[in-house]
Every structure is written in C-alpha cells, then in structure tokens.
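To start, the structure itself, in structure tokens.
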C-alpha cells in the first residue's frame, strides 16, 4: 500500500505556465529513464522535498504509487539536476503574484541569511542546524553550513558568513546582535536586520537611549518610511518602516543609501569601544 495521498491535480493547477518546458530548458529533464512523463519527475522530486522522506523511502513510495521506478541514487541525481528548475518555478510564481524584486534592488547585490532545523528520517533521527544564504532576486543558495542543533556554534550568527564589500545582508531578529552586526561591517558589507531592542539597544545622537516608540508614532501609513540620526558606536542612521506588504517591505528596506551596519549597545561603554573599530553603520528595521 502506498501512503501517497496528495491531490496532485490541484497542485499542478498552481504551477506557472510552461513549467514542463522549463524543466527541459534547465536540463532537469533530458531523458525519462524510470519515469513516463516530465510531470512525474517533478511529482517524485516534490514528494521527497515536501514529505521529508529519505531518498530510498521516496523511491519506494513513488513505485507503489505507479509514478516512478527508480533507485535512490537515480533520484538523488534527479534532485541535483532540478535545482535550476525549482528555482525558476519559484521566480515565475513570484512574478504571477505581482512580486518583482528587480526595481527595488536596483542592481544592489542582496543576500538573505537564515537558519532552520533539519531532522534525519525516522523516529530516532538526529537533528541538525542548517545555516544558509540566498541571493536575490535569483534565489540561488550560495552558502550553507550544517552544525549541531544545540551548542555554542549552533546559534544564528552573522559572523559565520563570508561576505563581500557592498553587499546588502537581510536577516531576521535572531541575527540582531552587536557582535554579528560588527562582523558584517568589518567585511565592508551592509545589513538590514529586524531590530531586537532587547539585544541591540539604540542610542540617539547625544548618546542617550533612543526613544523608538515615540519616533514611530509619526508613521501613520503602511509603506511610510522615515530616518532619524542615531548612534551606536559612531554616527549611524536608523531606518524604520511600519508594517507593510512583502513587496513594499523590500522596497522600504532598500530606501536610501546604505553604508555599513551597527546597533546600539546601551550603557556598556566597554562593549561600545570594542566595536568602535568595526566602523560606522546603518541599522534598519523593515517592520
């Protein structure tokens, strides 16, 4: 008996036009060895990705469902060949939903950093932490690192990534820590990170606590952006936008000219001095 129960026709109806031709164009499907159609190639790949099955279990379930007769090694090769196919499908789906990153990016090299927990198949499978970087707008993964799920090296740290000068780094609040932000600035890159006031207290231009909530009251409309002079270790800017749509959020986060990143360190002079050599920066909050 097969446990494949997905409503495949409904899923296919959501695919962008010419998705099968894209598979051939990208080289994901050059021949149908073990499959009877391009559709079943993608269906089998998505079974592995979406269900979290091992390669061997996916091959068994696909054979029981009558959609493929391949080994786990063959499926692994198909998965490797399908990277560009899956990426282009995601790009087309973005475009169909009116999300176009190109105008907002304006040629700026942008990378998204994040991490997630992955679990090996089975009831007693080990857990690992996957740290990765995606490039916009191509959604290409240009870096990944696997660590233990827990421990001193498992946390979300901007400092673990190798960056290039001029890049804009987008990260969530889990990366909102002064040492990591300083590591980005030291490499000559810029960072747009959702602010975590608890870990990154901000200072105004006079060295006093930054009255963030008071300043935010001036923002009345979704998509509205403002900037105020602030201070972390040297002169910086803080750019904050109110809650908005994903497309507006990208545009707002790229508003203005970036020049590095930093975050406030409150009343800890020793820590502020420690980061002073890391240069000036801009802290951004795109929420």
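Residue numbers (our numbering): 1111 to 1397. We put the CB at the ideal spot given by N, CA and C, even for glycine.
Checklist entry - What first and last residue would you give for the beta strand (DSSP E) that runs through residue 1243? => result Reading the chain shown from its first residue, position 133 is the one you call residue 1243. Note, residue 1243: beta strand (DSSP E), 1237-1246.
Checklist entry - Of the choices 1308, 1201, 1248 and 1300, whose alpha-carbon is the least far from that of residue 1283? => result Here the question's residue 1283 lines up with position 173 in the chain shown. Selected option, being the one with the closest Cα: 1308.
Checklist entry - Can you check whether the CB of residue 1299 is closer than 8 Å to the CB of residue 1329? => result Indexing the chain shown from 1 puts residue 1329 at position 219. Indexing the chain shown from 1 puts residue 1299 at position 189. Taking 8 Å as the Cβ cut-off, residue 1329 and residue 1299 do not qualify as a contacting pair.
Next on the checklist: Could you tell me the alpha carbon to alpha carbon distance between residue 1289 and residue 1196, rounded to whole angstroms?
Outcome noted: The sequence position of residue 1289 within the chain shown is 179, counting from 1. The sequence position of residue 1196 within the chain shown is 86, counting from 1. Residue 1289 and residue 1196 have their C-alpha atoms spaced approximately 35 Å apart.
Item to check | Among 1153, 1262, 1199 and 1204, the one whose alpha carbon lies nearest that of residue 1179 | outcome: In the chain shown, the residue the question calls residue 1179 occupies position 69. Comparing Cα-Cα distances from residue 1179 to each of 1153, 1262, 1199 and 1204, the minimum goes to 1153.
Item to check | Terminal residues of the beta strand (DSSP E) in which residue 1226 lies | outcome: Taking the chain shown and counting its residues from 1, one reaches residue 1226 at position 116. Taken as a continuous stretch (DSSP letters only), the beta strand (DSSP E) holding residue 1226 covers 1220-1229.
Item to check | N- and C-terminal bounds of the beta strand (DSSP E) containing residue 1177 | outcome: Working through the chain shown from its first residue, we reach residue 1177 at position 67. No residue range can be given for residue 1177, since it is assigned to no beta strand (DSSP E) and is classified by DSSP as neither H nor E.
Checklist entry - Which residues in the same chain have their Cβ closer than 7 Å to the Cβ of residue 1325, if we skip the five residues on either side of it in sequence? => result Within the chain shown, residue 1325 is the residue found at index 215, counting from 1. Only 1338 meet the Cβ criterion.
Checklist entry - With C-beta atoms as the reference, is residue 1199 less than 8 Å away from residue 1127? => result Here residue 1199 is taken as the residue at index 89 of the chain shown, counted from 1. Here residue 1127 is taken as the residue at index 17 of the chain shown, counted from 1. Between residue 1199 and residue 1127, the C-beta spacing is not below 8 Å.
Checklist entry - Tell me which same chain residues have a C-beta within less than 6 Å of the C-beta of residue 1236, skipping the five on either side of it? => result Looking up residue 1236 in the chain shown gives position 126. These residues qualify, in order along the chain: 1230.
Checklist entry - According to DSSP, is residue 1310 helix, strand or coil? => result Taking the chain shown and counting its residues from 1, the one referred to as residue 1310 is at position 200. It is coil, neither helix nor strand.
Next on the checklist: Which residue wins for smallest C-alpha separation from residue 1214, given the options 1261, 1246 and 1331?
Outcome noted: Against the chain shown, residue 1214 aligns to sequence position 104. Comparing Cα-Cα distances from residue 1214 to each of 1261, 1246 and 1331, the minimum goes to 1246.
Checklist entry - Taking the C-alpha atoms as reference points, what is the distance between residue 1130 and residue 1149? => result If you number the chain shown from 1, residue 1130 lands on position 20. If you number the chain shown from 1, residue 1149 lands on position 39. Approximately 7 Å between the Cα atoms of the pair.
Next on the checklist: In the DSSP assignment, the beta strand (DSSP E) including residue 1255 goes from what residue to what residue?
Outcome noted: Residue numbering aside, residue 1255 sits at position 145 when the chain shown is read from its first letter. That run of the beta strand (DSSP E) goes 1250-1258.
Item to check | Distance between residue 1143 and residue 1184 (C-alpha atoms, nearest Å) | outcome: As a first step, residue 1184 must be located in the chain shown, where it is residue number 74. As a first step, residue 1143 must be located in the chain shown, where it is residue number 33. Rounded to whole angstroms, residue 1184 to residue 1143 spans 9 Å at the Cα level.
Checklist entry - Alpha carbon to alpha carbon, what distance is there between residue 1163 and residue 1156? => result Within the chain shown, numbered from 1, the residue matching residue 1156 stands at position 46. Within the chain shown, numbered from 1, the residue matching residue 1163 stands at position 53. When rounded, the distance between both Cα atoms is 10 Å.
Checklist entry - Where does residue 1133 sit, in a helix, a strand or coil, going by DSSP? => result The residue labelled residue 1133 in the question sits at position 23 within the chain shown. If DSSP states are grouped into helix, strand and coil, residue 1133 belongs with the helices.
Checklist entry - Since residue 1219 contacts residue 1174 with CB under 8 Å, what's their CB separation in whole angstroms? => result Mapped onto the chain shown, residue 1219 falls at position 109. Mapped onto the chain shown, residue 1174 falls at position 64. Actually they are not in contact, since the Cβ atoms of residue 1219 and residue 1174 sit about 46 Å apart, beyond 8 Å.
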